[in-house]
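Trainee: In our numbering, the protein residues as written are 309 to 505.
1) Figure out for me which residue from 410, 415, 359 has the closest Cα to the Cα of residue 306.
2) Taking the alpha-carbon positions, what's the residue 487 to residue 496 distance?
3) Out of curiosity, what's the CA-to-CA distance linking residue 309 and residue 456?
4) Going by other Cβ atoms of all chains shown within 10 Å of its Cβ, with 16 needed for buried, is residue 365 buried or exposed?
5) State the start and end residues of the unbroken beta strand (DSSP E) segment that holds residue 377.
6) Tell me which same chain residues have a C-beta within less than 7 Å of the C-beta of residue 414, skipping the five on either side of it?
7) Sort 400, 439, 437, 338 by Cα distance to residue 425 and report the nearest one.
8) Between which two residues does the alpha helix (DSSP H) harbouring residue 364 extend?
9) Might you give, ordered along the chain, the residues of its own chain that have their beta carbon closer than 6 Å to the beta carbon of residue 382, omitting 5 neighbours on each side?
10) Pick helix, strand or coil for residue 483, following the three-state DSSP scheme.
11) Look up residue 503 in the DSSP assignment and give the residues it is bridged to.
12) Helix, strand or coil for residue 491 per DSSP?
13) In chain order, what residues of the same chain lie with their CB nearer than 7 Å to the CB of residue 374, ignoring the 5 residues before and after it?
14) When we look at the beta-carbon of residue 330 and count the other beta-carbons within 10 Å, is it buried (16 or more) or exposed?
15) Which same chain residues end up closer than 6 Å to residue 431 when comparing Cβ atoms and leaving out the 5 residues on each side of it in sequence?
16) Going by beta-carbon coordinates alone, are residue 441 and residue 409 separated by less than 8 Å?
Next comes the structure, spelled out in structure tokens:
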């Protein structure tokens with residue numbers, strides 16, 4: 309199973325326009341600013357799970373060479389309409405690039421990857437990055453897999469699980485906990501991960 313299968317994929321496909329409208333109005337997060345500040349000028353960025361395209365839009369405005377993608381065709385179409393550029397449909401398990409990107413931004417999307425699949429996906433992401441490239445991902449924290457009221461699957465990791473799952477090959481893995489929320493409006497603990505390839 310990948311993040312584009314089952315009820316999770318059906319939710320994003322069926323609700324793409326509403327989801328994009330509801331999540332497309334927020335300013336750049338401090339983590340996005342930190343990510344951009346650590347990249348070379350004009351650096352090449354792969355955004356995974358770009359959703360509405362709002363974060364790609366901001367990175368493009370900062371002069372970065374952004375390749376926005378989403379695993380759901382309907383979401384990619386929403387982002388393309390917002391950005392005015394092509395947005396590729398790229399399931400995580402179809403990442404095949406090698407040493408292309410200075411940075412990979414994966415905000416609130418890898419949290420839908422089944423726990424058993426996450427090591428392979430992280431390996432694909434690392435392979436796609438240039439040596440020393442910067443990778444950001446965020447996860448809803450917890451202690452085991454589950455679904456929310458929309459039927460979306462979440463892997464709900466804790467810090468120990470993430471450190472084990474990232475495994476070898478990454479350097480300077482920094483994991484920060486923060487309180488937040490999500491599309492469901494429920495207060496949620498989050499884990500924000502910065503790592504270098």
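Don't be surprised by glycine CBs; every beta carbon is placed ideally from N, CA and C. Since this is a predicted model, take the numbers as computed values, not measurements.
Mentor: The structure says:
1) Nothing can be reported for residue 306: it is not among the residues displayed for the chain, which extend from 309 to 505.
2) Straight through space, the alpha carbons of residue 496 and residue 487 are spaced by roughly 6 Å.
3) Legend: pLDDT at residue 309 = 36, less than 50; position of this residue unreliable, value from coordinates given subsequently. When rounded, the distance between both Cα atoms is 18 Å.
4) Its Cβ being crowded by 16 or more others within 10 Å, residue 365 is buried.
5) Element bounds for residue 377: 373-378.
6) Cβ within range, chain order: 356, 357, 444, 445.
7) Ranking 400, 439, 437, 338 by CA distance to the CA of residue 425 puts 400 first.
8) Segment 362-369, the alpha helix (DSSP H) holding residue 364.
9) Correct list, in chain order: 321, 324.
10) Correct three-state label for residue 483: strand.
11) Per DSSP, the beta-bridge partners of residue 503 are 443.
12) In this structure, residue 491 counts as coil in the three-state DSSP scheme.
13) Spatial neighbours of residue 374 in its own chain (CB-CB distance under 7 Å, excluding positions within 5 residues in sequence) are listed in chain order as 353, 355, 364, 367, 368.
14) Burial call: exposed.
15) If the five residues before and after residue 431 are omitted, its C-beta is found closer than 6 Å to no C-beta atom of its own chain.
16) Yes, they are a contact pair.
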